[in-house]
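One structure below.
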Amino acid sequence: MEERLEGSGLAFDADIAGKVLKRCFKVPHLALRFFNWIKLRDDFSLTTEMYNTMLYIAGEAKQFQVVQKLMEEMEASSCEVNLKTYTIIIAHYGKAKLFGSALLVFEKMKQFGFEADYAVYSIMVRTLCIAHKADIAIEFYKEMVLKDMTPSLGLYKMLLNCLAISGDVNAVHSVSDDMVRKFQIPETVVYGLVLKSFCISGAITDALQMIRSIKNRGLSVGHVHFQTLVKGFCKAGKVEDALEIVDIMKRKNLMDSNIYDMIIDGYLLKNDISRALDMFQEIKDSGHLPSISTYTALLQTLLKSKEFKKGGELFDEMLDKEIELDSVAFMAIVVGYVSGGSLSKAWRTLKVMEEKGIKPNEKFYAVFVNELCKKGRNYDIIKVLNEMKASKVVIADEMIKRVISHLEKKGEMEILKEVQQLQRACMLSFRNPVEPHTLREEETITEVNFTQPGLTSPGSDPEKSPSMGFDDDVKEVSKILSSSFHWSMIQEALVKLSIKFTPEFVLAILHNCKIHGQTALNFFNWVSKQQDYNHTTETYNMAIKIAGCGKSFKHMKSLFCEMKRNGIMITPHTWTIMIMLYGRIGLTDIAMSLFDEMKSSECQPTSSSYKFLIVSLCGRKGRNVDRAVKLFHEMVNGGHIPDKELIEVYLGCLCETDRLEDARNCVSYLSKVRFTMELRYSMYIRALCRNGKLEEAQQIMNKIGAKHEKLNGYVYGSIVHGLLQRGQLEDAVHKVEEMKRAGITPTVHVYTSLIIHFFKEKQIRKVLEILEKMQMEGCEPTIVTYSAIIRGYMNVGKVDEACNVFSNMRSNGPFPDFRTYSMFISCLCKAGRSEEAMEVISEMFTRGIVPSSINFRTVFFGLNREGKRELARDLLGQKKALARRRQFAS
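All letters in the sequence shown, in the order written, are residues 1 to 890 by the working numbering.
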């Protein structure tokens with residue numbers, strides 16, 4: 001992208017750049033890349049407005065490390081920070097429930113002389129109420145009142161609820177007095193809100209006291225107040241007390257069906273079904289009609305309790321009374337009938353549903369099929385799949401896989417053939433498919449065995465495929481390619497498509513399907529034979545990359561020779577891909593040979609060519625430091641500027657192998673190519689500390705001296721890490737306190753280093769204290785932090801706690817990457833839970849992450865150790881199937 005921008009010849013001013021950033025709102029990763037590119041241009045100066053836009057985008061994406069970095073950049077470049085800047089940051093910290101960070105920014109804003117306005121105060125109060133920090137929220141509220149700001153009614157509701165939940169009754173009454181006296185809000189409204197807040201918090205005694213206060217003030221206690229009390233009592237599990245209120249309402253003739261519904265909900269919360277049914281009957285006897293939600297809640301509870309007969313009677317009653325049912329109610333009754341073995345009634349329910357104009361959707365059918373699999377009703381499964389096909393409901397791959405797996409286990413080969421025929425028919429007829437698995441931004445496809453997992457392949461853009469306006473067709477073809485292992489079925493489906501293939505279109509498809517290596521390469525061959533189609537350099541490059549990622553190096557070389565024969569231009573990018581693919585698995589001699597061949601063919605290496613070769617030579621496999629140093633000098637002498645990623649790997653390797661003179665020469669060179677003093681020395685000191693060379697790091701710090709105090713903020717985390725690696729806890733803690741006194745807040749990396757140390761010492765309480773402190777300060781854990789916690793719990797024998805942390809990552813992020821999965825698999829096998837590790841391997845592929853040979857080997861040995869020989873054989877079968885799927889078979 002950056003190269004295309006450079007070559008576009010476009011002139012950018014602040015207004016245009018700002019508009020570009022705003023257009024990138026939904027693709028924050030691209031916004032950041034554009035922002036980083038444009039700030040390096042000599043003819044461009046970033047404005048406060050642009051920084052504010054980027055802060056907003058980063059905040060919306062919850063990339064708070066980027067937010068922190070942007071603020072540091074603004075400070076370093078003396079770019080003016082205004083009230084809007086602080087408001088944006090506080091708002092996003094508030095939305096993310098990082099109240100500690102929001103408080104720090106608020107204090108910083110005041111230190112710099114900015115006066116908080118209503119928006120800022122409102123955000124702070126809301127944030128603190130959500131975090132249940134009532135004592136701090138009330139202080140901010142008091143400041144608002146002193147500054148003559150009038151809180152909204154919604155803000156008052158949040159504050160009252162928060163104070164009531166905290167148990168601060170005096171504060172609740174103090175706020176309500178302000179509402180009435182200072183802001184002239186009607187008493188009936190205010191006391192109604194107070195009553196509701198007490199009921200929500202379960203403070204029933206205070207709620208009753210509030211009712212007495214309302215009466216004492218001469219105000220009437222009406223239907224709304226009684227309803228609030230009933231709801232509060234039921235929520236607190238005090239249904240009998242709620243019934244006393246109901247008796248009062250009956251005497252005052254204030255009853256309605258909503259009150260009865262609340263009582264039934266209260267009974268159902270206590271799982272007292274008989275009393276709930278009695279109350280349900282009382283509603284009907286009193287002439288009131290129960291609500292649909294009450295019918296549905298009762299129906300679901302009866303079915304969950306296996307009261308299928310009563311559930312069926314209730315459902316029939318709903319039909320007789322022509323009560324409008326939704327799909328949730330129908331789904332509940334169908335599942336109930338299947339579980340109870342009443343398949344005929346389940347099918348009758350489905351028919352009734354369609355007669356009422358409610359069409360079952362994909363999710364409905366998925367639940368239906370899942371229940372049928374559990375009960376082993378195989379012919380009914382076929383019936384449902386045919387029903388879906390007739391109704392033109394997409395049969396998702398996950399459903400087909402679930403059915404096939406079930407039938408294979410049961411040995412139902414005849415029915416299995418029917419399912420496969422149905423799958424083929426669906427592939428040939430579907431349009432506008434739904435993707436079986438859409439990767440999240442954090443789950444971009446990860447290739448196996450990178451020497452440096454963080455590196456991005458040359459020319460790749462993992463965030464977005466180059467679909468260029470034909471997204472629907474790309475999705476359709478990608479769906480076909482990923483839906484079956486049988487090329488004959490796929491080819492048959494492709495022939496039926498009325499799509500004209502272009503190189504750009506094919507490139508987008510290959511990008512989407514690169515994880516399915518064999519199928520993608522078969523498609524590459526098939527499309528080359530289509531009329532009026534010719535491959536380009538870009539499509540060949542992608543095919544070469546797919547072949548290399550699947551370790552089909554013979555086919556990769558064959559594609560390269562094919563390019564030569566067909567007269568397709570071979571670019572530096574083509575050579576770089578092959579160099580990277582060989583180098584990353586430790587075949588550095590072959591990578592070097594290709595590099596020499598590249599130069600002899602008069603194709604000039606690019607910065608990327610040098611970068612990937614040097615990184616490979618610095619890796620653990622195939623390491624050759626002398627060659628790496630020689631290439632680095634050749635690179636910089638040729639006018640190529642290395643990026644930060646390469647420098648970190650290179651310096652790390654030099655420090656690890658005691659090549660400190662070469663490391664110093666590298667740092668000296670960086671001063672000549674626009675690397676700031678803080679950046680070059682922070683990378684160098686980090687490399688020294690990570691390789692146990694603390695004395696050398698300290699010598700550099702002493703040599704630089706106090707005039708560059710700002711450098712401390714960049715490197716003290718590395719020094720703390722180094723100290724903890726040596727077991728010097730006291731020195732590390734002293735360093736953290738020293739930096740706090742200097743106004744530098746501990747980073748997530750410092751806290752992660754402390755967590756690793758305390759787990760090694762088996763001090764779990766200390767770990768929990770650090771995690772609590774991080775939460776208080778709004779310091780968001782990274783994937784490295786979570787990985788350290790998982791490994792730590794595993795090492796101290798708390799396997800369930802580790803599994804809970806991993807499960808939380810899968811649900812809420814940050815999503816596990818290849819390294820995290822590999823670590824978790826290894827830990828599970830060491831803990832004697834290899835069968836669970838086997839399931840994790842299956843999950844990796846569904847997440848778009850390819851398991852490595854080491855992952856399979858670890859689980860294989862684990863299963864054999866645990867005496868699970870059959871599962872070990874199954875795992876070998878999975879590995880072979882994956883290899884067939886990834887590698888090209890001629």
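Don't be surprised by glycine CBs; every beta carbon is placed ideally from N, CA and C.
Residue i (DSSP reduced to helix, strand or coil)
i    : result
V393 : coil
G920 : An answer regarding residue 920 cannot be provided, because it is not within the stretch 1 to 890 covered by the chain.
T571 : coil
F501 : coil
F106 : helix
M399 : helix
R41  : coil
M695 : Residue 695 is actually Glu in this sequence, not Met. E695 falls in the helix class under three-state DSSP.
P186 : coil
P433 : Low confidence applies to P433: its pLDDT is 38, below 50, so where it sits in the model is not reliable enough to give any reading.
L289 : coil
L254 : coil
I136 : helix
C779 : coil
K323 : At residue 323 the sequence reads Ile, which differs from the Lys that was named. Correct three-state label for I323: coil.
L864 : Per the sequence presented here, residue 864 reads as Asn, with Leu not at that position. Residue state, collapsed to three classes: helix.
E307 : coil
F99  : helix
I897 : Residue 897 lies beyond the range of the chain shown here (1 to 890); nothing can be said about it.
G18  : helix
Reference residue i, options the options, closest by Cα
i    : options                : result
R615 : G638, E648, L594       : Note that residue 615 is Val in the sequence shown, not Arg. Checking every option, the nearest Cα to that of V615 belongs to E648.
H288 : P605, G222, I259       : I259
Y650 : R623, N637, G638       : R623
K108 : Y86, A96, H92, L128    : Y86
I480 : H516, K500, G232       : H516
T349 : E362, F368, K363       : F368
K417 : A396, Y379, K392       : Y379
H223 : R23, E398, V246        : V246
G717 : T747, F856, D168       : T747
E602 : F675, S77, I323, M569  : M569
S122 : S391, A58, D135, M158  : M158
P572 : S608, L587, I789       : S608
R726 : V715, N691, T745       : N691
G832 : R810, T820, R847, V859 : V859
K304 : L195, E562, Y337, K621 : Y337
M794 : M823, N808, Y295       : M823
I358 : W487, A329, G154       : A329
A207 : I214, K215, F198       : F198
F106 : K97, K95, V120         : V120
M776 : L299, G100, D731, S286 : G100
V221 : L254, E244, V239       : L254
S671 : Y533, I641, L325, C653 : I641
V904 : L193, Q421, E408       : Residue 904 is absent from the model: the chain starts at 1 and stops at 890.
E371 : K182, L83, S482, V403  : V403
E355 : E322, D472, S528       : E322
Contact set for residue i: own chain, Cβ-Cβ below 7 Å, skip 5 residues either direction
i    : result
G18  : E49, M50, T53
D257 : According to the sequence provided, residue 257 is Ser. The question's Asp does not apply to it. The residues are I283, H288, L289, P290, S291.
F612 : P458, T576, I579, M580, G583
M399 : A366, V369
K879 : F856
V334 : A346, T349, L350, F368
G862 : C829, S834, A837
C79  : L46, T48, Y51
Beta-carbon proximity list for residue i, same chain, < 8 Å, skipping 5 on both sides
i    : result
G237 : G266, L269, K270
K762 : V796
M556 : I544, A547, G548, M578, L581
Contacts around residue i, its chain only, beta-carbon distance under 6 Å, and the 5 residues preceding and following it disregarded
i    : result
E538 : L507
L594 : M578, I579
S391 : none
| Stretch pair the segment 765-774 + the segment 795-815: three plus CB contacts closer than 8 Å | Output reads no: the segment 795-815 does not touch the segment 765-774.
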